[in-house]
Amino acid sequence: MAAFCKGRYRFRKTVFGHILSRNLAGKYDYDLVVVGGGSGGLACSKEAAQLGKRVAVLDYVEPSPKGTKWGLGGTCVNVGCIPKKLMHQSALLGGAVKDAAKYGWSIPDKVSHDWTSMSSAVQNHVKSLNWGHRVQLQDKKVKYLNLKGRLMDEHTIVGTNRAGKETVLTAENIVIATGGRPKYPAHIPGAMEHGITSDDIFWMNKSPGKTLVVGASYVALECAGFLTGIGLDTTIMVRSIALRGFDQQMAGLVTAHMASHGTQFLWRCIPKKVEKLPSGALQVTWADTNSQCEEQATFDTVLWAVGRAPETRSLNLEGVGVAHNKDTGKIIVTEDEATSVEHIYAIGDIGEGRPELTPTAIKAGRLLARRLAGISSELMNYHNVPTTVFTPLEYGCVGLSEEEAERRHGKDGIEVYHAFYKPLEFTVAERDASQCYIKVVCKRDGDRRILGLHFTGPSAGEVVQGFALGFQCGATYSDLLATVGIHPTCAEELTKLHITKRSGLDATVTGC
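Everything in the sequence shown is counted per the UniProt record's numbering, starting at 1 for the first residue and increasing by one.
In structure tokens, the structure reads:
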């Protein structure tokens with residue numbers, strides 16, 4: 001105990017001595033220190049350095065409970081958007097192989113997928129991005145430090161390396177961009193011991209085999225989608241509804257498509273425990289929320305996708321006085337990303353009420369850097385941010401869901417234009433297009449301003465990205481009709497919408 005107290009005294013003496021020397025010198029080690037090397041933190045640091053600021057980035061990845069670890073770049077690069085989209089593409093190619101014979105290609109009777117080849121290629125690409133980020137930081141003269149940061153005051157951070165050695169850094173301003181990590185349901189016996197999360201699935205070198213995905217967020221559906229698409233037996237366990245926060249009609253189309261293409265669903269069920277059998281298989285016990293009857297089945301892998309938690313616990317927020325939501329752990333921020341402590345800011349997933357999306361963190365980081373440099377006062381616009389769920393049938397949207405539009409404006413205050421369409425690519429391949437659907441929610445009065453736009457179908461992200469520009473410019477239903485479509489595309493169907501839900505008419509597209 002005496003040795004511990006002595007060590008702590010030595011550390012405090014070092015820290016306070018560093019702060020005192022900084023105060024006497026009247027300057028800081030850096031103009032800006034960013035804690036977190038994810039998309040938002042990297043964007044903020046590089047932008048600040050481009051504007052002539054002295055910048056350092058601290059990034060440190062704690063291995064997942066299963067021991068998975070990765071390099072610089074944060075969730076999106078390593079265990080999120082990038083590997084997810086690549087594995088989604090692998091599944092889409094499997095579907096394309098099935099279509100190919102109808103288009104005249106000679107395809108072997110038996111086509112198989114090799115997980116190891118796919119995961120190796122994906123991981124190699126991610127590692128190249130890790131290296132690229134380090135090179136970019138060096139080129140832009142941003143100091144990269146593989147340290148875990150902890151706040152000491154509004155200008156001071158203590159960074160700890162893997163060996164436990166501590167380094168003190170001072171900065172005029174500090175930006176927290178530590179992101180979040182997947183949650184485990186701690187109350188379920190065997191959940192952490194036997195399960196994995198999205199932090200692990202992309203770095204598995206061997207196939208997960210028969211998989212149970214617990215949860216119904218976009219992470220759950222996307223992972224289950226590509227697992228089914230590459231030929232694995234996949235089941236999703238849903239406690240209540242799928243894609244909470246998204247338009248529920250669209251969510252129903254997404255899950256209906258997945259179910260019709262092989263993904264199994266256990267609706268209104270909650271897991272009770274996970275046990276490892278002598279054979280190595282995982283036995284999962286769950287209960288039906290209506291009948292309370294318990295059932296069991298065995299799986300090779302259990303993937304938990306039950307939400308994410310911000311990486312703020314080790315930041316010493318309370319010690320410094322940074323206000324945060326005690327329930328969620330997220331930091332309370334103002335419209336300019338400022339926290340309750342002057343000179344400390346927070347961007348990305350850790351901000352209370354902020355969308356957990358990579359592009360918003362990147363843009364918010366760049367705009368913050370420009371404000372801190374004194375060359376701009378522009379704030380991040382978090383309204384009407386477009387997004388896409390990369391399920392087998394992709395779902396892209398921007399603006400309000402039909403439910404939210406009705407809540408804000410009343411059922412009689414909105415008009416919904418919609419259409420079921422069939423992509424040309426699906427015709428020769430004889431694919432089912434019953435879930436390919438477009439919905440545009442408008443204000444009913446005045447110029448019928450568009451409140452929400454929703455699209456399920458091929459390349460949904462590419463389609464919605466283009467229409468999102470018009471959305472930001474205040475597009476109306478008349479603007480949509482005045483736009484000339486590109487033929488033959490799925491996107492052009494948006495420019496031809498004329499059937500309203502209110503009319504009750506059949507909304508199936510029958511021709512040009």
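The beta-carbon is built from N, C-alpha and C at its ideal position, and this holds for glycine as well. Just so we're clear, the structure is a prediction, and the values are computed from it rather than from any experiment.
Residue i, DSSP secondary structure in three states
i, result
"Ala25", "Any reading at Ala25 must be qualified, since the residue scores a pLDDT of 47, below 50, and its modelled position is unreliable; no value is offered."
"Met237", "strand"
"Cys293", "coil"
"Asp109", "coil"
"His454", "strand"
"Gly132", "helix"
"Pro63", "coil"
"Tyr345", "strand"
"His383", "coil"
"Ala323", "coil"
"Phe426", "helix"
"Lys69", "coil"
"Tyr421", "coil"
"Gly74", "helix"
"Glu222", "helix"
"Glu406", "helix"
"Val509", "coil"
"Glu415", "strand"
"Trp203", "coil"
"Val158", "strand"
"Ala482", "helix"
"Cys397", "strand"
"residue 592", "Any question about residue 592 goes unanswered here, given that the chain covers just 1 to 512."
"Ala121", "helix"
"Arg308", "strand"
"Leu20", "Note that Leu20 scores a pLDDT of 46, beneath 50, so its modelled location is shaky; the value from the coordinates is reported in the next line. Leu20: helix per DSSP, three-state reduction."
"Arg449", "strand"
"Thr211", "strand"
"Lys6", "Its pLDDT being 41, under 50, Lys6 is placed unreliably by the model, and the measurement read from it follows with that caveat. It is helical."
Residue i, enclosing alpha helix (DSSP H) - first and last residue
i, result
"Pro359", "Thr358 to Leu372"
"Ala433", "Per DSSP, Ala433 belongs to no alpha helix (DSSP H) and is neither H nor E."
"Asp99", "Cys81 to Ala100"
"Cys490", "Segment: none, Cys490 is in no alpha helix (DSSP H) and carries neither H nor E."
"Thr255", "Gln248 to Ser260"
"Ala468", "Ala460 to Gln472"
Nearest candidate by alpha-carbon position, reference residue i, set the options
i, options, result
"Glu378", "Asn384, Ala364 and Tyr30", "Ala364"
"Pro392", "Ile174, Thr456 and Val440", "Thr456"
"Tyr30", "Lys46, Ala96, Leu58 and Glu172", "Glu172"
"Gly209", "Ala224, Tyr218, Asp199 and Gly215", "Ala224"
"Arg239", "Ala507, Ala468 and Ala216", "Ala216"
"Arg371", "Arg181, Lys53, Lys27 and Pro386", "Lys53"
"Gly37", "Pro108, Trp105 and Gly132", "Gly132"
"Gly164", "Thr170, Ile174, Lys272 and Leu147", "Leu147"
"Asp59", "Val35, Gly329 and Pro65", "Val35"
"Cys269", "Thr234, Asp432 and Thr289", "Thr289"
"Arg448", "Val428, Ile350, His409 and Asp139", "His409"
"Glu193", "Val61, Glu62 and Glu275", "Glu275"
"Lys330", "Val61, Ser106 and Ala177", "Ala177"
"Val33", "Val398, His498, Ile450 and Ala369", "Ala369"
"Glu492", "Tyr421, Cys76 and Thr298", "Tyr421"
"Leu42", "Met87, Ala121 and Lys140", "Lys140"
Inter-residue Cα distance where the pair is residue i and residue j
i, j, result
"Arg162", "Gln136", "24 Å"
"Ala251", "Thr167", "48 Å"
"Glu352", "Thr360", "14 Å"
"Val284", "Gln296", "6 Å"
"Lys206", "Lys85", "19 Å"
"Ala475", "Gly413", "17 Å"
"Pro108", "Gly179", "45 Å"
"Pro310", "Leu151", "16 Å"
"Thr334", "Val509", "46 Å"
"Ser128", "Met118", "16 Å"
"Tyr144", "Asp153", "21 Å"
"residue 538", "Ser376", "The question about residue 538 has no answer here: the residues shown for the chain are numbered 1 through 512."
"Cys442", "Ala405", "8 Å"
"Thr228", "Val55", "44 Å"
"His125", "Tyr395", "26 Å"
"Phe426", "Val463", "17 Å"
"Trp286", "Leu266", "10 Å"
Range covered by the beta strand (DSSP E) that runs through residue i
i, result
"Ala287", "Leu282 to Asp288"
"Cys269", "Cys269 to Lys276"
"Arg150", "Lys148 to Asp153"
"Val34", "Tyr30 to Val35"
"Cys44", "Run containing Cys44: none in the beta strand (DSSP E); it sits in the alpha helix (DSSP H), Ser39 to Gln50."
"Ala56", "Val55 to Leu58"
Residue i: CB within 6 Å of a non-hydrogen atom of the ligand MN
i, result
"Thr358", "For the structure depicted, the ligand MN is absent and the ligand set is empty, with no information on it obtainable."
Report task. Report the residue ranges of all alpha helix (DSSP H) runs contained in full by the region 164 to 198; include only those spanning at least 4 residues, in chain order. Result -> Those alpha helix (DSSP H) runs which fall completely within the region 164 to 198 and span 4+ residues are 191 to 194.
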